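Here's the structure, in structure tokens; my notes come after.
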Amino acid sequence: MAQTEVLIDLWNASDRVVVLTGAGISTDSGIADFRGPNGVWTKDPSAQALFDIDSYVRDEQVRLRAWQGRRAHPAWTAQPNAGHLALTALQKSGRLGPIITQNIDGLHQRAGSDPVVELHGTIWDTVCLDCGALTPTLVTLERSEPDPRCEQCGGILKTATISFGQSLDREVLDAAITAARTADLLVSVGTSLQVMPAAALADMAKRLVVVNAQPTPYDAQADAVVRDPIGEVLPRVVASLT
């Protein structure tokens, strides 16, 4: 727990703390991460094609598989866990600024956090890749088509998430960059820090703490690296600071 104490001391000494979260914070809610020992891509490397925009647009079989996965996605019933709730408590007590998340599951908002910057979009909306029309994904999933098309223009539909090969929303990215650059401390929670440009936020912080079960490319430059479970570390921070 020594590194957790360093995290608490750094947090306590910082006027403005920003958190960057990744898939690891949602595993306790039943949503698998991607690169961990039980990750989606670790167990099935072919699943990465579902997250590539070119493959998705070009290959109907990829879209069919993607829509099957969306119907069974645990986000629809998942509940915030101790990590999410701890961050909400820290925000409400004034000890945490914006939460920047790479996650698409909406669990930070469900836990009551605000503001939340969703770098990679949200699974809760469906967007037409041709005309841009938005529809709640649960409404889209009520349709019987295995590869539903836009009801306005017939275009390909996809959840409003950022796939490999797609650019991040400029306003969202700018908000994340501003938050990271103005923070006294950036705490990276449950992310491998391998996906750009999200990982580059770690370079912008004055001080950095990594809370992640597996090594990341930024461990060597971090002021502290915490390997303990997120669901234990963050509630301990709350107990010490609020």
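So the sequence shown is numbered by our numbering: it starts at 48 and just counts up by one.
For glycine and all other residues, C-beta sits at the position ideal for the given N, C-alpha and C.
Keep in mind that this is a model prediction, so the values were computed, not measured.
Taking the alpha helix (DSSP H) that residue 130 falls in, what are its first and last residues?
129-139
DSSP state of residue 99 mapped onto helix, strand, coil
strand
Where residue 139 falls, given that 16 or more other Cβ within 10 Å makes a residue buried
exposed
Closer than 8 Å by C-beta to residue 254: which residues in its own chain qualify, once you throw out the five before and the five after it? Chain order, please.
57, 61, 231, 232, 233 and 270
The beta strand (DSSP E) that contains residue 68, what's its start and end?
64-68
Per DSSP, residue 273 forms a beta bridge with which residues?
258
For residue 195, name the three-state secondary structure that DSSP assigns.
coil
Just to confirm my understanding: we take residue 98, look at its own chain, exclude 5 residues before and 5 after, and list those with CB closer than 8 Å. What are they?
Around residue 98: 210 and 211.
Inter-residue Cα distance where the pair is residue 205 and residue 287
43 Å
Is the beta carbon of residue 195 closer than 7 Å to that of residue 187?
yes
Hey, residue 145 and residue 64: beta-carbon distance below 7 Å or not?
no
Sub-7 Å separation of residue 199 and residue 178 beta-carbons
yes
Determine which residues share a DSSP beta bridge with residue 292 and list them.
This structure leaves residue 292 out entirely; the chain is present only between 48 and 289.
Whole-angstrom distance between residue 285 and residue 151, CA atom to CA atom:
25 Å
Less than 7 Å separating the beta-carbons of residue 183 and residue 154?
no
If you measure between the beta carbons of residue 130 and residue 72, is that distance less than 7 Å?
yes
Element boundaries [beta strand (DSSP E), containing residue 189]
Taken as a continuous stretch (DSSP letters only), residue 189 belongs to no beta strand (DSSP E), as it is neither H nor E.
Residue interval of the beta strand (DSSP E) (run including residue 171):
168-175
Using CA coordinates, which residue listed in 123, 68, 223 and 193 is at the minimum distance from residue 110?
193
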